[in-house]
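A.B. asks: The structure under discussion is supplied below as structure tokens; questions concerning it will follow.
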Amino acid sequence: MEIIDKTNDTWKIGDIVIDNDGRKGIIKKTKDDDFVIVRIDEKHVGDYFCGLAYEAGINMYCLQRKASEFHKVNDNNDNEEWQPGDVLKRNSNNDIGLIVENDINEYCLVDITTNFIFINRYDNIADLQKDSREYWHKVNAKLVIE
């Protein structure tokens, strides 16, 4: 089994990005036309590049390359549409999850990093997402089983 990370989507100004340590930022453009990831989390005081920026680049391509540990997320998980087969990443660590539907049409989240199947099973994806969105976010990746 291999996870192909496809989170290096093209970034644009206003995108929310996060890294595995939970550093969260928003893409902004400075008055000097540089691109920066401006810190929007409260827990990483002092852990930034310059001012309140985690990383800076002379253009968006350079910023994405320099800040490769960051990936774009939808910060409004209420509007994110989850479905079976979606790959999720835990907000607090590097765990990867997968939304699955069992043989009696219940939905659950499997932590494929630890091979832990969560006990909670849901009749619909909306309830699974409601209970999980505080801890997990959908990433643009696909799982390849070899």
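Going by this note's numbering, the first residue of the sequence shown is number 2, and it counts up by one from there. Just so it is clear, CB atoms sit at the ideal spot from N, CA and C, and this is done for glycine as well.
Which first and last residues belong to the alpha helix (DSSP H) in which Asp132 is found?
C.D. replies: Here residue 132 corresponds to residue number 131 of the sequence shown, with the count starting at 1. Note, Asp132: alpha helix (DSSP H), 126 to 133.
A.B. asks: Helix, strand or coil for Tyr62 per DSSP?
C.D. replies: For the purposes of this step, residue 62 is taken as the residue at position 61 of the sequence shown. Correct three-state label for Tyr62: helix.
A.B. asks: Can you tell me whether DSSP reads Lys13 as helix, strand or coil?
C.D. replies: Here residue 13 refers to the residue found at position 12 of the sequence shown. Lys13 falls in the coil class under three-state DSSP.
A.B. asks: Return the residue from the list Ala142, Ile100, Val88 that minimises the CA-CA distance to Phe122.
C.D. replies: Here residue 122 refers to the residue found at position 121 of the sequence shown. Before going on, a small fix: residue 122 reads as Arg here, not Phe. Out of Ala142, Ile100, Val88, Ile100 has the C-alpha closest to the C-alpha of Arg122.
A.B. asks: Output needed for Ile118: all residues of its chain with C-beta closer than 6 Å, excluding positions within five of it in sequence on either side, in chain order.
C.D. replies: Position 117 of the sequence shown, counted from the first residue, corresponds to residue 118. Val111.
A.B. asks: In whole angstroms, what is the alpha-carbon distance linking Gln65 and Ile19?
C.D. replies: Position 64 of the sequence shown, counted from the start, is the residue given in the question as residue 65. Position 18 of the sequence shown, counted from the start, is the residue given in the question as residue 19. Distance between the alpha carbons of Gln65 and Ile19 is about 12 Å.
A.B. asks: Report yes if the C-beta distance between Arg24 and Asp35 is below 9 Å; otherwise report no.
C.D. replies: In the sequence shown, the residue the question calls residue 24 occupies position 23. In the sequence shown, the residue the question calls residue 35 occupies position 34. No; because the gap between Cβ atoms is not below 9 Å, this pair is not in contact.
A.B. asks: Excluding the 5 residues flanking Val39 on each side, which residues of the same chain have their C-beta closer than 6 Å to its C-beta?
C.D. replies: Looking up residue 39 in the sequence shown gives position 38. If the five residues before and after Val39 are omitted, its C-beta is found closer than 6 Å to the C-beta atoms of Gly26, Ile27, Lys29, Leu53, Ala54, all from its own chain and listed in chain order.
A.B. asks: Comparing alpha-carbon positions, which option in Gly58, Thr31, Tyr62, Tyr108 lies nearest Asp132?
C.D. replies: Mapped onto the sequence shown, residue 132 falls at position 131. Measuring from the Cα of Asp132, the nearest candidate turns out to be Tyr108.
A.B. asks: Which partner residues of Asp104 appear in the DSSP bridge assignment?
C.D. replies: Translated into positions along the sequence shown, residue 104 becomes position 103. According to DSSP, Asp104 bridges with nothing at all.
A.B. asks: Considering just the uninterrupted stretch of the beta strand (DSSP E) at Gly23, what are its terminal residues?
C.D. replies: On the sequence shown, position 22 is the one that residue 23 refers to. No beta strand (DSSP E) contains Gly23, which DSSP labels as neither H nor E.
A.B. asks: Determine the burial state of Asp130: buried for a count of at least 16 other Cβ atoms within 10 Å of its Cβ, exposed for fewer.
C.D. replies: Indexing the sequence shown from 1 puts residue 130 at position 129. It should be pointed out that residue 130 corresponds to Gln in this sequence rather than to Asp. Counting C-beta atoms within 10 angstroms of its own C-beta, Gln130 has 16 or more neighbours from the protein chains shown and is therefore classed as buried.
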